[in-house]
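Reviewing the structure listed below.
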Amino acid sequence: DVKVTQSSRYLVKRTGEKVFLECVQDMDHENMFWYRQDPGLGLRLIYFSYDVKMKEKGDIPEGYSVSREKKERFSLILESASTNQTSMYLCASSLREWGAFFGQGTRLTVV
Amino acid sequence: KNQVEQSPQSLIILEGKNCTLQCNYTVSPFSNLRWYKQDTGRGPVSLTIMTFSENTKSNGRYTATLDADTKQSSLHITASQLSDSASYICVVSGMSGANNLFFGTGTRLTVIP
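Respectively, the protein sequence lines represent chains X and F. At position 35 of the first sequence the residue is numbered 61 (my numbering), and the sequence of numbers has no breaks. At position 59 of the second sequence the residue is numbered 60 (my numbering), and the sequence of numbers has no breaks.
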């Protein structure tokens with residue numbers, strides 16, 4: 027079975043800190059995604075990547091950047107964390123014919 | 002426009018009862034449809050995947066159906082258990098582009114004793 031692993035389940039950071047969320051998948055998928063999930067808003071796409079070093083903005087990229095140096099790893103970076111970035115962050119990888127597989131989620135709280 | 006709509010938004014049922022969740026989509030061209038279960042504070046876990054040629058697929062007490070002509074899918078849960086309380090999300094994959102995932106907003110199911 028596909029495994030998508032996010033580096034942390036829970037994270038508490040201070041306003042202004044630089045935050046790294048790491049995601050690793052083990053199935054050689056080309057596509058990887060970062061979403062945030064907030065009550066009443068569903069999953070919203072922050073960034074996605076369709077190949078190493080390739081990235082595309084999603085619906086809400088402001089305040090975030092990403093890095094994909096290796097195929098299996100996709101990192102989400104909050105350059106200067108703010109309280110409105112407190113959320114559940116979900117990483118996913120996908121293969122067109124098989125749909126998406128999600129990580130366990132990172133609950134980020136910015137204080 | 003590619004869209005996925007789920008109904009109902011929320012549902013409360015008694016333990017042991019059956020229920021059916023609906024997913025309608027307009028995604029075209031269509032690749033596959035997955036139903037996910039998401040427990041509170043956790044990432045979505047895939048229950049079933051349906052491709053164009055499949056009508057029904059079961060995973061234990063979960064049975065998904067797909068009508069590709071009408072672009073409708075349902076998830077039927079039999080003999081519900083308290084642990085079925087979760088959000089159920091329908092995700093449709095299109096054939097075009099790398100960002101080809103389209104999400105429903107989910108159905109929040111609560112099973113009460």
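By construction, the Cβ of each residue, glycine as well, lies at the ideal position given by its N, Cα and C atoms.
Item, Value
"With distance defined between alpha-carbon atoms, name the residue in X:Met114, X:Trp124, X:Arg122 and X:Phe127 nearest to Pro139 (chain X).", "Outside the modelled stretch of chain X, which goes from 27 to 137, sits residue 139 (chain X), for which no answer is possible."
"Tell me, please, which residues DSSP counts as bridged to Ala69 (chain F).", "Answer by DSSP bridge pairing: none, since Ala69 (chain F) is not bridged."
"Keeping to the same chain, check which residues put their C-beta closer than 6 angstroms to that of Val45 (chain X); ignore five residues upstream and five downstream.", "Lys39, Leu104 and Ala107"
"Does any CB atom of chain F fall closer than 8 angstroms to the CB of Phe100 (chain X)?", "no"
"Helix, strand or coil: how does DSSP classify Asp52 (chain X) here?", "coil"
"Counting only beta-carbon separations shorter than 8 angstroms, does Ala87 (chain F) have a partner in chain X?", "no"
"Pick from F:Lys2, F:Ile90, F:Leu76 and F:Ser97: whose alpha carbon is nearest that of Phe128 (chain X)?", "F:Ile90"
"Spatial neighbours of Thr52 (chain F) within its chain, please: CB distance less than 7 angstroms, with the 5 preceding and 5 following residues excluded, ordered by chain position.", "Asn33"
"Who are the neighbours of Arg122 (chain X) on chain F, taking C-beta pairs under 8 angstroms?", "Ser32, Ser94, Met96 and Asn101"
"Within the same chain, show all residues whose beta-carbon is closer than 6 angstroms to that of Ser88 (chain F), passing over the 5 residues directly before and after it, in chain order.", "Gln39, Gly107 and Arg109"
"Closest Cβ-Cβ distance between Ser47 (chain F) and chain X: below 8 angstroms?", "yes"
"Applying the 10 Å Cβ sphere with the 16-neighbour rule, what's the burial state of Tyr36 (chain X)?", "exposed"
"Would you grab the beta carbon distance between Ala126 (chain X) and Val92 (chain F) for me? Rounded to a whole angstrom, and I think it's under 8 angstroms.", "6 angstroms"
"Does DSSP put Ser84 (chain F) in a helix, in a strand, or in coil?", "helix"
"So which residues on chain X does Gly42 (chain F) lean against when the C-beta distance must stay under 8 angstroms?", "Met114, Gly131 and Arg133"
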